[in-house]
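**Student:**
Residue numbers (the numbering used here): 144 to 207.
(1) Between which two residues does the beta strand (DSSP E) carrying residue 180 extend?
(2) Helix, strand or coil for residue 151 per DSSP?
(3) So who's on the other strand from residue 199, going by DSSP bridges?
(4) Put residue 184 into one of helix, strand or coil per three-state DSSP.
(5) Give the range of the beta strand (DSSP E) segment to which residue 164 is assigned.
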């Protein structure tokens, strides 16, 4: 599957061990479905199960 969507992020991530991370993204630029997120600040948590599978939750605040 090929996608033409592009995202530019300012990311900060904190890794507690090799199976999970939390962090914050700020969407600087985007196209397609990401265009509506420009300026949003999003906190995320990701849980890695193996190299192929992971689970991601992201909560976003609109730009002020």
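For every residue, glycine included, the Cβ atom is placed at its ideal position computed from N, Cα and C.
**Tutor:** Per the coordinate set shown:
(1) Within the chain shown, residue 180 is the residue found at index 37, counting from 1. Run containing residue 180: none; DSSP gives neither H nor E here.
(2) As a first step, residue 151 must be located in the chain shown, where it is residue number 8. In the structure shown, residue 151 sits in a strand (DSSP, three-state: E or B).
(3) The sequence position of residue 199 within the chain shown is 56, counting from 1. In the DSSP output, where bridge partners are listed per residue, residue 199 has 189.
(4) The count along the chain shown starts at 1 and reaches residue 184 at position 41. Strand.
(5) Within the chain shown, residue 164 is the residue found at index 21, counting from 1. Start and end: 163-173.
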